[in-house]
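Q:
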Amino acid sequence: MTTRADSRALRIAEQLGAVCFVTVLTAIAAQISVPLPYTPVPFTFQPMVVLVGAAAIGARLGMTSQILYLALGIAGLPVFAASPALPQGLARLFGPTGGYLMAYPFAAFVAGSLAERGFDRRYVTAVLAMVCGLAMVFACGVLWLGLFPYGAQPARGISGALATGFYPFIVADLGKLLIAAGVMPGLWRLTGISGRSPSQTSAQK
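Under the working numbering, the residue at position 71 of the sequence shown is numbered 55, and the numbers go up by one with no gaps.
1. Since alanine 92 contacts glycine 117 with CB under 8 Å, what's their CB separation in whole angstroms?
2. Might you give, ordered along the chain, the residues of its own chain that have their beta carbon closer than 6 Å to the beta carbon of serine 97, omitting 5 neighbours on each side?
3. Taking Cβ to Cβ, would you say phenylalanine 64 is nearer than 8 Å to alanine 14?
4. Given that a residue counts as buried once 16 or more other Cβ atoms are within 10 Å of its Cβ, and exposed if not, what is alanine 87?
5. Are the beta-carbon atoms of glycine 159 and isoleucine 142 separated by less than 8 Å?
6. Pull the bridge partners of glutamine 137 from the DSSP assignment, please.
7. Assess contact between the region 121 to 129 and the region 70 to 78, defined as three or more Cβ pairs (one per stretch) separated by less than 8 Å. Is contact present?
8. What does DSSP give as the partner residues of valine 115 in its beta bridges?
9. Consider the C-beta atom of valine 3 and the heavy atoms of the ligand NAD; say whether any pair is separated by less than 7 Å.
10. Take leucine 161 as the anchor and find which of Cys4, Leu9, Gly60 and Val34 has the nearest alpha-carbon.
11. Name the DSSP bridge partner or partners of valine 18?
12. In terms of residue numbering, what span does the alpha helix (DSSP H) encompassing glutamine 50 cover?
13. Taking all protein chains shown into account, decide if serine -9 is buried (16 or more other Cβ within 10 angstroms of its Cβ) or exposed.
And the structure:
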């Protein structure tokens, strides 16, 4: 009985550690940001971290890691990308980048779910899983940017949102995902894991 309890406690600790690790990586990726002069949306490595992290730890834990990330940001911790114009805290979610941020949990769930179904095992399907998650980020981000006004600025409209929140980023983000998707199957082969990825295993526990 004690052994089963210890095993369960260890499994919970591992899952909590995985969630916190991806949350911290997401926050670190936000600090590596490049502001662009023609858009309020900065260039960061967050989408790649969100999607790769979820593919590694699974849909449920990946989504939880991003909910925790947003909760830390709402609480006022400086985990969002630095910006002279956009505040930290809850107000960031109501700014022009709010749609991208609020999409992270859903994008993580999509990428993690596909990884649990074995999409992370081969390069082409790993790319597909990442692209599906990235599509969720861009869809929510562009809609938010296009339909909701911010401060004294009117809503940009979908065409304006695409020009400032999609076209400047899509090539670089796809490039990052192509690299990340190539790394994941290699990692599973390198570690000798066969049949199921850690994300699939954790989903069954």
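By construction, the Cβ of each residue, glycine as well, lies at the ideal position given by its N, Cα and C atoms.
Computed from a predicted structure; not experimentally measured.
A: This is what the structure holds:
1. Indeed they touch by this definition, with Cβ atoms about 7 Å apart.
2. Ala43.
3. A distance below 8 Å separates the beta carbons of phenylalanine 64 and alanine 14.
4. Buried, since its Cβ has 16 or more Cβ neighbours within 10 Å.
5. No, the Cβ-Cβ distance between glycine 159 and isoleucine 142 is not below 8 Å.
6. The partner list for glutamine 137 (beta bridge, DSSP) reads Tyr134.
7. No, the region 121 to 129 is not in contact with the region 70 to 78.
8. In DSSP, valine 115 forms no bridge with anything.
9. The ligand NAD is not among the ligands present in this structure, which contains no ligands whatsoever.
10. For the residues Cys4, Leu9, Gly60 and Val34, the minimum Cα distance to leucine 161 belongs to Val34.
11. Looking at the DSSP assignment, valine 18 forms a beta bridge with Phe27.
12. For glutamine 50, the enclosing alpha helix (DSSP H) begins and ends at 43 to 58.
13. Serine -9 is exposed by the Cβ-count criterion.
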